[in-house]
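Positions -16 to 63 (the working numbering) are the ones given, in order, by the sequence shown. Heads up: the structure comes next, in structure tokens.
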Amino acid sequence: MYLSVCTACHNADPNRDGSVGPANAGASRALLEAKILRGEYPPGYTPKRPSAVMPRFENLAGSIDDLAAFLADAKANPPR
């Protein structure tokens, strides 16, 4: 899902900034749920970029856990 949806703005390597979206390796489930489903940030989170261009993707509600696992793995095992 990350490679087919998120890489339109984020880098294929989640450890690197994309053309529009910031690096997101290790993003918390709370952040992913807030941004993807509601278009907002979780309480107390400081955004990496001031823009608000990321659209909501309510259709991905069932993929949040998989995406969080993928991004956690990307953080723990970055490409060499």
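Ideal placement from N, C-alpha and C gives every residue a C-beta, glycine not left out. These numbers come from a predicted model, not from an experiment.
Is it buried or exposed for Leu(-14), if we count other Cβ within 10 angstroms and need 16 for buried? Result: exposed.
Distance, Leu15 Cα to Val3 Cα: The straight-line gap from Cα to Cα measures roughly 17 Å.
State the start and end residues of the unbroken alpha helix (DSSP H) segment that holds Lys58. DSSP places Lys58 in the uninterrupted alpha helix (DSSP H) bounded by 47 to 59.
For the alpha helix (DSSP H) containing Leu43, list its first residue and its last residue. Looking at the DSSP string, Leu43 is not in any alpha helix (DSSP H), and its letter there is neither H nor E.
Could you check how far apart the C-beta atoms of Leu54 and Arg39 are, in whole angstroms? I think they sit under 8 Å. Leu54 to Arg39, Cβ: 18 Å. No contact.
Asn42 burial status per 10 Å Cβ neighbour count (16 or more: buried): Exposed, because fewer than 16 other Cβ atoms sit within 10 Å of the Cβ of Asn42.
Please report how far the alpha carbon of Asn60 lies from the alpha carbon of Gly1, in whole angstroms. If you take the alpha carbons of Asn60 and Gly1, they lie about 19 Å apart.
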